[in-house]
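Protein chains in written order, with my numbering: chain A, 1473 to 1677; chain B, 1473 to 1677.
For each residue, glycine too, the CB sits at the ideal point set by N, CA and C.
Being a predicted model, the structure only gives us computed values, none of them experimental.
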DNA sequence: TAGTTTAGGTTATTAAAACTCACTTGATCT
DNA sequence: AGATCAAGTGAGTTTTAATAACCTAAACTA
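Listed below in structure tokens is the structure:
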């Protein structure tokens, strides 16, 4: 009973719930969320439709929880990836690369984040969205650190810089995700960093 | 009859169609598209639901046509706004300002473009989307012109530069649109241009 | 000018999809 | 042994997008 309590927090979720989430993930590989029906989700999960509503408030909540799992996983990785890197610009470069790489290797995750959740008000109030905010904060911290140590100009608002970085990444990936085109982290990172770090104005005379 | 032919192309659309489009525009001021029902649209238009399907293939087609009207209007304006400006960077600056200003003064337009259409495959194949592509081409032309005349570095792909600009603008506006916050073209343009033109790296030694 | 077509619109219905409710079954606690 | 509970089901209800069939008045044609 005591050890039961210990396990209580991380008790493995019931089989049905897992199957439902897996089912949606798999369907999202070929279809957009709006075109996936609850009947379809239940069927490929081998479960009844009603069970979805046992574990999720509604269809979008299911989507949010799927996204959330991805986010939890990737946030941990992101933190580790930045460890041991010296220099704010170097950190930003690494972060951009990892961001591209993550989208590149998990299209479903990219789809959800770039396309499927944005258009619903309640996403921005959701628990899931907090992870995204935490990530955005991380970027802001790096930028501010760079301003303090002199690596980064401090006459552009840090938040604007963050938005430039995120906006760039996401706009680049959006069309690629929509049309199923390849995302190449290496070249994209080089080009985007060149753009963000040095600007487009030709200063070579 | 002959003069009838002349007018045929630009005949004013029937009252019902106009009322339906107005109705959606007005509803979009307070609600997201997904939460607006066809019944609601018809009711505020003072028209029956079936009439919507006389003039539009489906609910999304109505949305696309509303967006299209905005785009037609703004594209003309954009072309004029750039006339008489010397220098590619100056043109880009003006374009960015106008872009911000347009979103700032027409939130419904901004909403549709930033939030409501992206998540549907068929938008990217629609007639409406061609206007957006035309706009994107315009930016690309300016960038390439700048590369030729030496104002803009040519070691970053022009398309990457375009994506940086558009991505920056849209990411900046997205949160503001979602949360109904103000968009201030003047300061945003200054900051974004500084970022894009000169980069964030501190080069003052 | 009588007859026919057409544009603009409506009434009534359908089909599909999201969501609910009342219930079963088997395991666990006391 | 009886109560409680978690996991899951079957059979609905409701909402909403979409259609089909029909009406009416104006415009065209012969």
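Secondary structure of residue 1624 (chain B) (DSSP, three-state): strand.
Proximity of residue 1673 (chain B) to chain A, defined by a Cβ-Cβ separation below 8 angstroms, is satisfied.
Linking residue 1488 (chain B) to residue 1519 (chain B) through their CA atoms gives a straight-line distance of about 7 angstroms. Taking 7 angstroms as the upper bound on Cβ-Cβ separation, chain A lies near residues 1622, 1623, 1624, 1625, 1628, 1629, 1632, 1633, 1635, 1636, 1638 of the segment 1613-1638 of chain B. Taking 8 angstroms as the cut-off, the Cβ atoms of residue 1622 (chain A) and residue 1561 (chain A) do not count as close. By the Cβ neighbour-count rule, residue 1598 (chain B) is buried, with 16 or more other Cβ atoms within 10 Å of its own. At least one CB of chain B lies nearer than 8 angstroms to the CB of residue 1596 (chain A). Contact annotation: residue 1667 (chain A) and residue 1636 (chain B) have beta-carbon atoms nearer than 8 angstroms. The C-beta distance from residue 1529 (chain A) to residue 1504 (chain B) rounds to 18 angstroms, too long to fall under 8 angstroms, and the pair is not in contact. Put simply, the CB of residue 1642 (chain A) is near chain B, with a gap under 8 angstroms to one of its CB atoms. Of all residues in the segment 1537-1570 of chain B, only 1561 place a beta-carbon less than 7 angstroms from a beta-carbon of chain A.
Per the coordinates, the alpha-carbon of residue 1589 (chain A) lies some 36 angstroms from the alpha-carbon of residue 1486 (chain B). Contact check between the segment 1643-1658 of chain A and the segment 1598-1613 of chain B: fewer than three CB pairs, one atom from each, fall below 8 angstroms, which does not count as touching. Of the candidates B:1643, B:1513, B:1495, the residue whose Cα lies closest to the Cα of residue 1582 (chain B) is B:1643. Remark: three or more beta-carbon pairs, one from each stretch, lie closer than 8 angstroms, so the segment 1566-1586 of chain B and the segment 1655-1666 of chain B are flagged as touching. Listed in chain order, the positions of the segment 1504-1531 of chain A with a beta carbon within less than 9 angstroms of a beta carbon of chain B are 1504, 1505, 1506, 1507. Residue contact with chain B for residue 1533 (chain A): absent (no Cβ-Cβ distance below 8 angstroms to any residue of chain B). In this structure, the beta-carbon distance from residue 1538 (chain A) to residue 1497 (chain A) falls below 8 angstroms. If you look at residue 1527 (chain B), you'll find it in the alpha helix (DSSP H) that goes 1521-1527. With 16 or more neighbouring CB atoms inside 10 Å of its own CB, residue 1543 (chain A) falls in the buried class. Rounded to the nearest angstrom, the gap between the Cα atoms of residue 1632 (chain B) and residue 1633 (chain A) is 17 angstroms.
Taking a C-beta distance under 8 angstroms as the contact criterion, residue 1624 (chain A) and residue 1673 (chain B) qualify as a contact pair.
For residue 1591 (chain A), the residues of chain B that pass the 8 angstroms Cβ criterion are 1504, 1505, 1506, 1587, 1588, 1590, 1591, in the order they occur in the chain.
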